[in-house]
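Reading through the structure tokens given below for one structure.
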Amino acid sequence: MISPEARARVRQIGCSMKIPLFPLNVVLFPGAPLPLHIFEERYRDMVRDCLADESVFGVVCASPEGLAVAGCTARIARILNDYPDGRRDILTEGMERFEIKHLHDSRSYLQADVQFFSDTGDVASREMREECIALHFEVLELAGGDVQHIGLDLNRPVSFQVAWSLPTGLDFKQELLTMRSDLERTERLLEFYKAVLPKLRGGVNASRNAAQNGHVM
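Everything in the sequence shown is counted per my numbering, starting at 2 for the first residue and increasing by one.
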């Protein structure tokens with residue numbers, strides 16, 4: 002859906018360019034899938050323009066306090082449904098991270114001059130990746146999350162691979178998005194898992210004990 006030339010432009014880390022913005026109550030990570038239902042007229046315009054130009058748009062987390070400074074570009078991987086009234090269901094994929102430098106409101110949808118950035122710090126070790134994945138799946142299972150459709154590749158950094166399905170608030174996910182070291186991100190994830198797992202395990206054990214204390218009449 003995106004041309005090699007457009008993909009190359011996006012991957013020029015450190016460069017600046019103007020892109021459409023899609024403020025959402027979500028944090029998008031590189032490589033993460035994001036299905037979207039497009040119904041507002043301005044975002045119909047945005048998607049139409051991106052398809053015509055074979056370009057990306059930026060997903061940035063929106064809150065009552067305003068827009069986050071950092072976001073992630075999304076490419077339109079597939080159009081899932083086209084409705085007669087102009088609405089669309091699309092599947093997007095996270096691409097590259099960026100920082101907003103200047104906002105523009107000259108179009109029906111918001112645009113911004115952004116600067117792309119990538120990791121500059123160390124990469125987590127294989128041992129840390131394995132521990133991160135093991136704890137991640139335990140958290141998902143105990144929290145009632147869906148673990149069946151998550152495939153992870155241990156041969157590359159896993160911090161972004163697990164972050165998108167993390168059952169936590171947007172502030173923590175935004176913190177992970179802005180970190181510029183896979184090692185630092187993985188360490189932060191391990192801290193999170195080790196802090197929440199005792200509570201989740203305790204809750205499961207309490208539920209089991211309560212069930213065993215009952216009896217059938």
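Cβ atoms here follow ideal geometry from the backbone N, Cα and C, with glycine treated the same way.
Cβ pair V130, F161 closer than 9 Å: The sequence as given places Arg at residue 130; Val does not occur at that position. With respect to the 9 Å criterion, R130 and F161 are not classified as neighbours on the basis of their beta carbons.
In DSSP terms, what P36 is bridged to: For P36, which the question treats as bridged, DSSP gives the partners L92.
Cα-Cα separation, L20 to R181: The sequence as given places Ile at residue 20; Leu does not occur at that position. Approximately 22 Å between the Cα atoms of the pair.
Simplified DSSP state of A78, which is helix, strand or coil: Three-state result, A78: strand.
Short Cβ contact (9 Å threshold) for K102 with Q116: In contact: K102 and Q116 (Cβ atoms closer than 9 Å).
Spatially closest choice to C62 from F99, I80, I39 and M47, by CA coordinates: Looking at the Cα atoms, F99 is the closest of the given residues.
Option in V159, I80, C16 and T93 with minimal Cα separation from F58: The candidate whose alpha carbon is nearest that of F58 is T93.
Cβ pair count under 8 Å reaching 3, the stretch 72-89 against the stretch 119-135: These segments do not touch.
Nearest-angstrom Cβ-Cβ length linking L177 and A164, presumed shorter than 8 Å: About 5 Å separates the two Cβ atoms, so the contact holds.
Start-to-end residues for the alpha helix (DSSP H) that takes in S160: S160 -> alpha helix (DSSP H) spans S160 to A164.
DSSP beta-bridge partners of R98: Residue pairing by DSSP puts R98 in a beta bridge opposite C73 and F118.
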